[in-house]
Structure formats: structure tokens, C-alpha cells
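Residue numbers (the working numbering): 1 to 290.
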């Protein structure tokens, strides 16, 4: 009889109650900010981390989970009698985590030469609950008797359609991290410009710039509508960093798409370390990519 574990990392932003409900193991990233090391989901809450970023002199840096850490976790599964592990990682284009997990698979053969456990390693190609929500869905379907290969294939299909529209209200973090130039950030702040950013397959591009905070939500919704044109029923989620503008985004999306989001979530430490602590996000399933 199969005994299946589901493993992911803390970039998934799955709330603890859902992780416990579905038996999902989450390994935490370390984040360094102003020479202090934080373990995501353990050292502080997401809201507390936003405040730390706002007050910090420097920018957060994250460290990928190592092959040794993954191998140790795999060994635990082998010793506990698991037949299969579905391991979903943060986007491989933005982290070495996926490659480190590949190395851990080879290391496991040396640590447990006789093991028969199958490791199904999956690259999410994205971040946060954009994949975390569907990891939960995968776990739920497995509990209800779905076949493993079917749920993994379905997950990959959805990740091939997943996109994100970001609306940062401050360029401070992006300037500090070098994700936009100091000159562009200065001009943006001076003129009150806010970039609307699209993320597809882990790659970002600025799709619009608007002047003034009140223009951010409408521009985000319009950018999303362009990407889902022709789809009858758009499945979407909303992410935010504890800012009040989430209420405006909820209303605008409900009006645009005719229904509520499937989930509203907080962006965790690893993700907000890149977006900044004053950001909104629309995550949605668009058209399949080639």
C-alpha cells in the first residue's frame, strides 16, 4: 500500500492550519536582515517581518535549502516507510533549491542504498500561494483516493497556466535590492509612479506605470483582464503584505470577474523580501503556455 509524503519549502506561504490539515511538510528558508538570521515561519510572523523590512538599513537575503538538509529529510521518510514523496520547490529560475533537491536524490542512494522510495521532484516555476494553493489541492485529492501521477500531472498543468500581477506601492525595497535602478526608483518616487509588474514562469516584466496610489488597483485588474481574455471563469487568488488596499482589490476583482477569489493570503518573508513590504498581488490561471 502506498504511503505518500508531500514536501515543499516556506516560499509556498501555505498557512499553518492548511499545512496541518493536509499533512504537508514545509522546510523553512533562512533570511538574513541587518546581520540577524531569521527562520521563516518560526522566528517571526509575516506581519512582523514586514515591519522589520520597513525599519531595516539593508535588504534581506535568503539562503537556499541545501542538499544535506533535503537528504536528511528524505532519509526520515525512508525510515518511516514512505513509498513516495512529492517534493514541490520554489521556482528553479530564482533559487538553487530545485537543483539542490536533485543532488539530494543522488545522495540518498548513498545514505540508504536499499531504499525503494520514489521521489517525484516538481519545479513550481513560481512563488507563494500561487503554487501553495495547488499543493493543498493535490494533497486533498490524494486523500480522496486520486492517483499520484494524475495529481502531479494536473499540478504541472496548472503551473503552466499560473501568472501573477504585482502592484508595489513603494519602490524602496526594489531599489535597495537592485531589482530596479536607483535612478528609476528616484524618478518613480518623485513623480509618484507605480510599476505594474507581470510575472510569468518566474520572469518579471513591467507592463504598465501609473501615477498615484489610487491608480494601482485598477491598473492591476486591467492587466489581469488582458491576460485572461477569452477565458469564461477565471480562477484567481489575492496576495498582500498586510496593507489596507487589499479591500479595494477584492472589490475590483469581484466586479471584474463576477466571483470572489479562491483564497486571500499574506506574502511570506522570502517573497516579500523581493517585492517589498507594501505590495498587492493577483495570481491567476491564464492560458496554457507552450
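Beta carbons are placed, not taken as given, at the ideal position from N, Cα and C, and that holds for glycine.
Quantities reported herein were computed from a predicted structural model and do not represent experimental measurements.
As a beta-bridge residue in DSSP terms, residue 205 pairs with 198.
Going by C-alpha positions, residue 206 is about 50 Å away from residue 114. With the rule of 3 Cβ pairs closer than 8 Å, the segment 107 to 122 counts as touching the segment 77 to 96.
Here the alpha carbons of residue 76 and residue 83 stand approximately 12 Å from one another. Here residue 42 carries a coil assignment [DSSP, helix/strand/coil]. Here residue 135 has 6, 8, 12, 14, 24, 88 as same chain residues with Cβ atoms under 7 Å from its own Cβ, once five neighbours each way along the sequence are excluded. The beta strand (DSSP E) runs of length 3 or more contained entirely in the segment 41 to 125 are, from start to end of the chain, 61 to 63, 84 to 89, 118 to 123. At least 9 Å separates the beta-carbon of residue 218 from that of residue 236. Proximity of the segment 264 to 272 to the segment 224 to 244 meets the contact definition, three or more beta-carbon pairs being nearer than 8 Å.
The C-beta distance from residue 279 to residue 168 rounds to 5 Å, short enough to meet the 8 Å contact threshold. Of the residues assessed, residue 146 falls on the exposed side of the cut-off, its CB having fewer than 16 other CB atoms within 10 angstroms.
Take residue 127, set aside five residues on each side of it, and the residues of its chain with a beta-carbon closer than 7 Å to its own are 11, 90, 91, 271, in chain order.
Cβ-Cβ distances below 7 Å link residue 66 to 100 in the same chain, with the five nearest sequence neighbours on each side left out; the list follows chain order.
Judged by DSSP secondary structure, residue 153 falls outside any beta strand (DSSP E) and instead within the alpha helix (DSSP H) spanning 148 to 159. Of the other Cβ atoms in all chains shown, 16 or more fall within 10 Å of the Cβ of residue 26; this residue is therefore buried. The beta carbon of residue 129 lies closer than 8 Å to those of 12, 13, 14, 237, 239, 263, 265, 283 in the same chain, with the five residues before and after it left out.
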